[in-house]
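Have a look at the structure below, then the notes.
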Amino acid sequence: MPLNHYVFLAMPLEEQLTTLWQEGVYLAVRHEGAHRVALHHLGSFFVEAYYSPEHNQVERLRSFVTTQGLEAYVAGLQLPEE
């Protein structure tokens with residue numbers, strides 16, 4: 026079955042992480058509190074991995090299909106000067 030957002034959500038966390046590392050395309054990182062939040066694209070949806078440097082692990086994932094979830098990354102974009 027092709028991967029889509031609903032199939033991803035139905036997976037156990039460990040399988041989600043494996044899929045994210047194998048198939049996801051890294052896009053950006055931001056900081057939220059004590060976490061580094063890495064944004065990945067998985068074809069038809071996005072996944073944020075909340076990494077805790079203190080515990081040296083991904084503590085949770087958040088996935089979404091709309092571009093509204095990307096707004097937190099816009100502030101960190103730097104466009105090249107022409």
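Quick note: to get my numbering, add 25 to the position in the sequence shown (first position is 1).
Note that CB positions come from ideal geometry on N, CA and C, so glycine has one too.
Keep in mind it's a predicted model, so treat the numbers as computed, not measured.
Top-ranked residue by Cα proximity to Glu96, from Tyr76, Trp46, Arg55 | Arg55
Comparing alpha-carbon positions, which option in Phe70, Leu52, Leu45, Leu67 lies nearest Arg85?
-> Leu45
Cβ separation of Gly101 and Ala59, assumed to be a contact under 8 angstroms, to the nearest whole Å = Actually they are not in contact, since the Cβ atoms of Gly101 and Ala59 sit about 18 angstroms apart, beyond 8 angstroms.
Could you tell me if Ala35 is buried or exposed, where buried requires 16 or more neighbouring beta carbons within 10 angstroms of its beta carbon?
-> It counts as exposed.
Ala74 to Glu106 span [Cα, whole Å] = 31 angstroms
Check the C-beta distance from His66 over to Gly49 and give it rounded, since I have them as a contact under 8 angstroms.
-> 7 angstroms
With Val83 and Phe70 assumed to form a contact (beta carbons below 8 angstroms), what rounded beta-carbon distance in angstroms separates them?
-> Val83 to Phe70, Cβ: 17 angstroms. No contact.
For Ser88 versus Val72, is the C-beta distance shorter than 7 angstroms?
-> yes
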